[in-house]
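The block underneath contains the structure these notes are about, expressed in structure tokens.
Below is the structure:
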């Protein structure tokens, strides 16, 4: 087996660790603002059918208005304002608007610039070393 083939196999194995252990997402909910949500966020291991991380802002408008800020795990079919349960209401006179963002990958719903996974960096380093042999 040449070094390139070994490197590709190693990379695939490393990337599948997430699938075995389950997706990790940040989880929080608040009616204040994103800063409060981020201050209270916790890492959450998602159930196997919840394969996306969510970041959503829900605005309720009626006799009074309110906002909710959410992060967490969701199934892939709940990644739109039309399908996310929190964006639905049956209360007469209340209008709901949502900004929904979903992503794939551990802790991807940070709300800050995406960081390279340590596993990906390690895999690139291993491939680079093996390529020099």
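Numbering (mature numbering (1 follows the signal peptide of the UniProt record, and there is no 0)), first residue to last: -22 to -1, 1 to 111.
Yeah, the Cβ is synthetic: ideal placement off N, Cα and C, and Gly gets one too.
(request) Tell me whether the beta-carbon of residue 4 lies closer than 7 Å to the beta-carbon of residue 49. (result) yes
(message) Short of 8 Å in beta carbon distance, which residues of its chain neighbour residue 38, apart from the five on each side in sequence? Order them along the chain.
(response) 44, 45, 46, 67, 72, 73, 74
(message) DSSP three-state label for residue 108, please.
(response) helix
(request) Can you give me the Cβ contacts of residue 54 inside the same chain, cut-off strictly under 7 Å, excluding the 5 residues immediately before and after it? (result) 29, 30
(request) Less than 8 Å between the CB atoms is what I'm expecting for residue 78 and residue 51, so what's the real figure, rounded? (result) Incorrect: roughly 14 Å between the Cβ atoms, too far for contact.
(request) Confirm, please, whether the CB-CB distance from residue 32 to residue 80 is below 7 Å. (result) yes
(message) Rounded to whole angstroms, what is the Cα-Cα separation between residue 9 and residue 88?
(response) Those two C-alpha atoms are separated by around 18 Å.
(request) Using the Cα positions of residue 26 and residue 16, report the straight-line distance between them to the nearest angstrom. (result) About 24 Å.
(message) Under DSSP, the alpha helix (DSSP H) around residue 13 begins and ends at which residues?
(response) 12 to 18
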